[in-house]
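Data block below; observations after.
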Amino acid sequence: MSIRMLIVDDATFMRMMIKNIVTKNGFEVIGEAENGSEAVKLYSELKPDLVTMDITMPEMDGIESVKAIKQIDPGAKIIMCSAMGQQAMVMEAIQAGAMDFIVKPFKQERILQAIERVMSR
5 MSIRMLIVDD ATFMRMMIKN IVTKNGFEVI GEAENGSEAV KLYSELKPDL
55 VTMDITMPEM DGIESVKAIK QIDPGAKIIM CSAMGQQAMV MEAIQAGAMD
105 FIVKPFKQER ILQAIERVMS R
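So for the sequence shown, our numbering puts the first residue at 5; every next one is plus one.
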């Protein structure tokens with residue numbers, strides 16, 4: 005059974021990069037969102053196994069949407085994606101309920117490692 009994923013990032017290019025890496029490695033992308041409020045809505049509709057969430061987005065940022073998703077599903081598995089130098093925000097995201105984080109620019113091994121780590125919990 006493949007892992008069903010929701011990819012959240014305001015940059016189309018970043019969503020495409022993650023999607024290419026994960027689909028090539030046998031994961032299924034069931035949805036994409038370009039902001040936090042869209043992510044929360046899609047999470048309730050699609051019930052993905054895993055979410056990759058950008059921190060900095062318009063409308064609702066990643067941290068707020070992690071909190072909202074965790075209210076819908078306390079067991080939600082979320083990996084934060086951040087640019088270099090956002091350590092304070094990453095810590096805030098982890099406190100909000102994210103289970104791991106990957107730093108942009110993405111490296112395939114790191115994405116796969118984070119997915120494996122989060123899904124084995």
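Just so you know, even glycine gets a beta-carbon here, dropped at the ideal spot from N, CA and C.
(message) On the DSSP letters alone, give me the boundaries of the alpha helix (DSSP H) that I22 sits inside.
(response) Here residue 22 is taken as the residue at index 18 of the sequence shown, counted from 1. Counting along the chain, the alpha helix (DSSP H) containing I22 begins and ends at T16 to K28.
(message) Under 8 Å, with one C-beta from each stretch per pair, do the segment 92–101 and the segment 42–53 reach the 3-pair mark?
(response) Under the Cβ criterion (8 Å, minimum of three pairs), the segment 92–101 does not count as touching the segment 42–53.
(request) Following the continuous beta strand (DSSP E) through E187, name the residue where it begins and the one where it ends. (result) In the structure displayed, the chain extends from 5 to 125; residue 187 sits before or after that span and is not available.
(message) Using only the alpha-carbon positions, how far apart do I76 and F105 sit?
(response) On the sequence shown, position 72 is the one that residue 76 refers to. On the sequence shown, position 101 is the one that residue 105 refers to. For the pair I76 and F105, the Cα-to-Cα distance works out to about 21 Å.
(message) Between the segment 17–29 and the segment 107–120, can you find at least three pairs of beta-carbon atoms closer than 8 Å?
(response) Flag = yes, the segment 107–120 and the segment 17–29 touch.
(message) At 3 residues or longer, what runs of the beta strand (DSSP E) sit wholly inside the segment 51–88?
(response) Runs found: 54–58 and 82–86.
(request) Count the other C-beta atoms from every protein chain shown that fall within 10 angstroms of the C-beta of F40, then say buried if there are 16 or more, exposed otherwise. (result) If you number the sequence shown from 1, residue 40 lands on position 36. Before going on, a small fix: residue 40 reads as Gly here, not Phe. Buried, by the Cβ-count rule.
(request) Would you give the residue range spanned by the beta strand (DSSP E) that M9 belongs to? (result) Your numbering for residue 9 matches position 5 in the sequence shown. Segment R8 to V12, the beta strand (DSSP E) holding M9.
(request) Please name the residue, chosen from E63, R114 and R8, that lies closest to E32 on a Cα-to-Cα basis. (result) Position 28 of the sequence shown, counted from the start, is the residue given in the question as residue 32. Of E63, R114 and R8, the residue nearest in Cα terms is R8.
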